[in-house]
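A quick write-up on the structure given underneath.
There are 2 protein chains.
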Amino acid sequence: MAVREDKRELIIENAVKVFAERGYYKATTGMVAKAAGVTQPYVFHFFQNKEELFKAVIDRAFSRIYDAFSEVNAPADQLIETMGRAFNQIIQTHRDEVLMVMQAHAISEAGIREHVRQLFLTIFESLTLKFEGAGISNAKETAAHFIGTGLLITVAEVLNLPQLICGKDEAE
Amino acid sequence: MAVREDKRELIIENAVKVFAERGYYKATTGMVAKAAGVTQPYVFHFFQNKEELFKAVIDRAFSRIYDAFSEVNAPADQLIETMGRAFNQIIQTHRDEVLMVMQAHAISEAGIREHVRQLFLTIFESLTLKFEGAGISNAKETAAHFIGTGLLITVAEVLNLPQLICGKDEAE
DNA sequence: TTTTATTTATTGATTGATAAATAAATAAAC
DNA sequence: GTTTATTTATTTATCAATCAATAAATAAAA
Chain A
5 MAVREDKREL IIENAVKVFA ERGYYKATTG MVAKAAGVTQ PYVFHFFQNK
55 EELFKAVIDR AFSRIYDAFS EVNAPADQLI ETMGRAFNQI IQTHRDEVLM
105 VMQAHAISEA GIREHVRQLF LTIFESLTLK FEGAGISNAK ETAAHFIGTG
155 LLITVAEVLN LPQLICGKDE AE
Chain B
5 MAVREDKREL IIENAVKVFA ERGYYKATTG MVAKAAGVTQ PYVFHFFQNK
55 EELFKAVIDR AFSRIYDAFS EVNAPADQLI ETMGRAFNQI IQTHRDEVLM
105 VMQAHAISEA GIREHVRQLF LTIFESLTLK FEGAGISNAK ETAAHFIGTG
155 LLITVAEVLN LPQLICGKDE AE
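Chains as they are written, first to last, in my numbering: chain A, 5 to 176; chain B, 5 to 176.
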């Protein structure tokens, strides 16, 4: 039992890397299998198809971001700044996962898109609640704006355009 | 001469639709050809490969956005608002093209990514100059923020999450 | 022995791309 | 001005590769 779960975990963990590096379409199930040290057909023993595998992978990555935000606890006047720092921190420790989640909206599989929609909705509502709880007046606008900044940072990272991130110069 | 150019144009125009609707990877050269009313191999008479075709297509779409921004002329205190309206307008008249450009950063072909990088850089610099010219103090930050909002709107459109766009309710 | 874990072998479909053939248009020659 | 030659436009036929997914076989474990 533990073995079966371990292999599934192993596949997900390695699939994160492959999907993040190559994108959904250029990542093959063969590559995922190789990274996990199993044969390609064996991946389908744990996941019905490539789409289901990706959903499991993105859920994993999403949880990391979600949890990081949940753990943030700061006074109202420093909340947004602290949340921003939390985001910058996960982008440093788990760059691939974050970029994958933030780019997943561009995958044109209906099933995946609906799944990603739910993830973004969850994050948006959770951020809104957090900001409301802190007494921030326009919580929704602030939450949306926060996501917009996250998207900007993602594009800046992916396209190697540090100019887009304020306070971050070309020089690394 | 005119004929040759016309066919090339025809292919680009139809390719815009196909790429925008299906995304780079799910769009096939066969679909593009069919939409343009030519045979699939004939597409390769005008474009070396799928990647080059896409570059031509995204340049077309990008120009539309760039030109729309260039045409904006408003007093400093209304510039950003007016630019925002300009963006919302092209998104209504040429939804597919705008979404395609704003999502192109997620395409994991090195050649395309570099091309897209240039497009984003061009937009960023052009916006910055515009804001500087209007005497806006932190022109760069404002330009970056403007792009971030554009990305947010794109995600909201693609994932059908109007909640993310402030002032835009679920009810259409 | 019976289940569980995992592999080998294979397939069927898709798709970008090439090559060769044909048709149409234009120009040259008579 | 009609025929011939030559280029330009476009198609048919086809390939080679890639990949997700299935089925059947085998090894390991309980």
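For every residue, glycine included, the Cβ atom is placed at its ideal position computed from N, Cα and C. Computed from a predicted structure; not experimentally measured.
- Near chain A, meaning a CB-to-CB distance below 7 Å, the residues of the stretch 6 to 37 of chain B are Arg26, Gly27, Tyr29 and Lys30.
- Here DSSP, grouped into helix, strand and coil, assigns valine 76/B to coil.
- Interface flag for arginine 117/A against chain B is set, since a Cβ pair is found closer than 9 Å.
- Remark: three or more beta-carbon pairs, one from each stretch, lie closer than 8 Å, so the stretch 123 to 138 of chain B and the stretch 63 to 71 of chain B are flagged as touching.
- At a C-beta separation below 8 Å, arginine 121/B has these neighbours in chain A: Leu163, Asn164 and Leu165.
- Threonine 43/B counts as exposed, since fewer than 16 other beta carbons sit within 10 angstroms of its beta carbon.
- Sequence-distant partners of alanine 138/B (beyond 5 residues in either direction) whose C-beta falls short of 7 Å from its own C-beta, in its chain, are Ala80 and Leu83.
- Listed along the chain, the chain B residues whose CB falls inside 7 Å of the CB of threonine 153/A are Gly152.
- Identification of chain B residues near serine 112/A by a Cβ-Cβ cut-off of 7 Å yields Arg26, Gly27 and Lys30, ordered along the chain.
- The residue among Leu103/B, Gly115/B, Glu118/B and Ala114/B with its C-alpha nearest the C-alpha of isoleucine 111/A is Leu103/B.
- Residues of the same chain with a CB within less than 7 Å of the CB of threonine 158/A, apart from the 5 flanking positions on each side, are Leu103, Met106 and Gln107 in chain order.
- In the DSSP annotation of this structure, glutamate 113/B is not part of any alpha helix (DSSP H), being labelled neither H nor E.
- The beta carbons of alanine 24/A and aspartate 71/A sit no closer together than 9 Å.
- For glycine 154/B, the three-state secondary structure derived from DSSP is helix.
- For threonine 126/A, the three-state secondary structure derived from DSSP is helix.
- For glutamine 107/B, the residues of chain A that pass the 8 Å Cβ criterion are His109 and Ala110, in the order they occur in the chain.
- DSSP places proline 166/A in no alpha helix (DSSP H); its state is neither H nor E.
- For the pair leucine 163/B and valine 61/A, the CB atoms are not nearer than the 9 Å cut-off.
- For the set Arg117/A, Phe150/A, Met87/A and Lys11/A, the Cα lying nearest the Cα of alanine 40/A is the one of Lys11/A.
- In chain order, Ile157 and Ala160 place their CB closer than 7 Å to the CB of isoleucine 169/A, counting only its own chain and leaving out the 5 sequence neighbours on each side.
- Against alanine 65/B, chain A offers no close residue; the least beta-carbon distance is about 15 Å (beta-carbon pairs closer than 8 Å).
- Shortest Cα-Cα distance from leucine 165/B to any of Gln96/A, Ile151/A and Gln52/A involves Ile151/A.
- With 16 or more other Cβ atoms inside 10 Å of its own Cβ, tyrosine 28/A counts as buried.
- Using a 10 angstroms sphere on the CB of alanine 114/A, the tally of other CB atoms stays under 16, which defines it as exposed.
- Burial check for histidine 109/B: the Cβ neighbour count within 10 Å reaches 16 or more, so the residue is buried.
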